[in-house]
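Trainee: In this note's numbering, the protein residues as written are 2 to 260. Using N, Cα and C, we set each Cβ at its ideal position, and we do this for glycine too.
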């Protein structure tokens, strides 16, 4: 018997409730391709929205590095939805027991000031900037549920809403006009600091990619929605008692504590 998209989404939903280990989706009687994986994601998000009485607040972009794309057998990034009940502000405490295996990714969030609808040609940086209301330093909460990265495939990741488990946002600020590269720093109680670079041209390009990808599915970015544009340093998997901070020159510092 062939598995339906709804059945696959229901199975994923139940795995999240039980916090079971992530495993590759192998639907009976069919091949899971990228288009089908996004259809399953649609069904999963509908289940999550109904259960949590939440709206779609925006999108996350994942697999932004070529190394991760190669590992997952795909040649472009992936996206997932951010739900409104999982949008937090800097300083929030997260309970690690509420997740299978929580990771933190350090990013730039973009808030749309107006709808962004591609006209059939690539969007320019100026067009994307004109639709941008504000940006802020942000953490993405990702729940990989102890996935085996050696066996990870992009379609299973996509179907599972690209592992988004929420976001933590800093203060919204205007997009800098000079587009210069800014330094970013990630640190906890450990004195070691990891540095990265924020290139606003790449940030806008990520939003443009998402706009085109959504258009291919008959969707578009809407005013007020948030876009998480990809991590600037490696993912951290916190333990209880840690506080993680993320600082971007010109945007300030945000933090999250873990219990």
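Rounded to whole angstroms, what is the Cα-Cα separation between residue 208 and residue 228?
Mentor: Looking up residue 208 in the chain shown gives position 207. Looking up residue 228 in the chain shown gives position 227. Approximately 7 Å between the Cα atoms of the pair.
Trainee: Where do the N-terminal and C-terminal ends of the alpha helix (DSSP H) with residue 210 fall, by residue?
Mentor: Within the chain shown, the letter at position 209 stands for residue 210. Per DSSP, residue 210 belongs to the alpha helix (DSSP H) from 201-216.
Trainee: Give the C-beta separation of residue 257 and residue 169 to the nearest angstrom, bearing in mind that I take them to be a contact with Cβ-Cβ under 8 Å.
Mentor: Looking up residue 257 in the chain shown gives position 256. Looking up residue 169 in the chain shown gives position 168. Confirmed, Cβ separation roughly 5 Å.
Trainee: I need the straight-line Cα distance from residue 137 to residue 252, nearest angstrom please.
Mentor: On the chain shown, residue 137 is found 136 positions in, with the first residue counted as 1. On the chain shown, residue 252 is found 251 positions in, with the first residue counted as 1. About 6 Å.
Trainee: Less than 8 Å between the CB atoms is what I'm expecting for residue 133 and residue 103, so what's the real figure, rounded?
Mentor: As a first step, residue 133 is located in the chain shown; it is residue number 132 there, counting from the start. As a first step, residue 103 is located in the chain shown; it is residue number 102 there, counting from the start. Not a contact, Cβ separation roughly 29 Å.
Trainee: Smallest Cα separation from residue 63: which of 260, 247, 236?
Mentor: Reading the chain shown from its first residue, position 62 is the one you call residue 63. Here the closest residue by C-alpha is 236.
Trainee: Whole angstroms are fine: how far does the CA of residue 260 sit from the CA of residue 109?
Mentor: Taking the chain shown and counting its residues from 1, the one referred to as residue 109 is at position 108. Taking the chain shown and counting its residues from 1, the one referred to as residue 260 is at position 259. Approximately 24 Å, taken between the alpha carbons.
Trainee: Helix, strand or coil for residue 20 per DSSP?
Mentor: Walking along the chain shown from the start, residue 20 turns up at place 19. Coil.
Trainee: Excluding five sequence neighbours on each side, which residues of the same chain lie with their C-beta closer than 7 Å to the C-beta of residue 92?
Mentor: As a position in the chain shown, residue 92 is number 91, starting the count at 1. So the list reads 256, once near-sequence residues are dropped.
Trainee: Would you call residue 192 buried or exposed, if buried means 16 or more other Cβ atoms sit within 10 Å of its Cβ?
Mentor: Residue mapping note: residue 192 aligns to position 191 of the chain shown, counting from 1. Per the 10 Å Cβ criterion, exposed.
Trainee: Comparing alpha-carbon positions, which option in 241, 9, 16 lies nearest residue 147?
Mentor: Mapped onto the chain shown, residue 147 falls at position 146. Closest option to residue 147, Cα to Cα, is 16.
Trainee: Using CA coordinates, which residue listed in 187, 202, 186 is at the minimum distance from residue 179?
Mentor: Numbered from 1 along the chain shown, position 178 holds the residue referred to as residue 179. Nearest option by C-alpha distance: 202.
Trainee: Does residue 78 pass the burial test, meaning 16 or more other C-beta atoms within 10 Å, or should it be called exposed?
Mentor: Indexing the chain shown from 1 puts residue 78 at position 77. Its Cβ being crowded by 16 or more others within 10 Å, residue 78 is buried.
Trainee: Excluding the 5 residues flanking residue 185 on each side, which residues of the same chain have their C-beta closer than 8 Å to its C-beta?
Mentor: Numbered from its first residue, the chain shown carries residue 185 at position 184. For residue 185, where only same-chain residues beyond five positions count, the Cβ hits under 8 Å are 107, 138, 196, 197, 198, 199, 233, 234, 247, 248, 249, 250.
Trainee: Using 10 angstroms around the beta-carbon of residue 254, count the other beta-carbons present and answer buried if the total reaches 16, otherwise exposed.
Mentor: For the purposes of this step, residue 254 is taken as residue 253 along the chain shown, with counting starting at 1. Residue 254 comes out exposed.
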